[in-house]
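Engineer: Handing you a structure now.
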Amino acid sequence: MSSKKAKIALVTSVLAVGGFIYFIHYDQKDARKKMRQGVLMDIQRQKYKESLKTDNNNNNNNNNNNSVGNNVVSNNTEKGN
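The sequence shown lines up with residues 1 to 81 when you count with the UniProt record's numbering.
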């Protein structure tokens, strides 16, 4: 009878260890996937911030160009009077 109990204990422990190993590998895969998604989101966030920065620079340049152009026009009209 003791050999039957030993076989049951061996099978149980092998199945338990196999289950733990499977779970750990699955969990690591999931963690890597989530970390990769975080990296992709960071890259997307950086691109968005960079586009906002370039949009603001373009708007500032347009405003500066308009104000310079307005000054030139107003100076020319003053000379004509």
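All residues carry an ideal CB built from backbone N, CA and C; glycine is no exception.
As the structure is a prediction and not an experimental result, all values here were calculated from the model.
How many Å lie between A6 and Y26 at the Cα?
Structural biologist: 30 Å
Engineer: Excluding the five sequence neighbours on either side, which residues of its own chain have a C-beta within less than 8 Å of the C-beta of K29, listed in chain order?
Structural biologist: none
Engineer: Whole angstroms are fine: how far does the CA of L10 sit from the CA of F20?
Structural biologist: 15 Å
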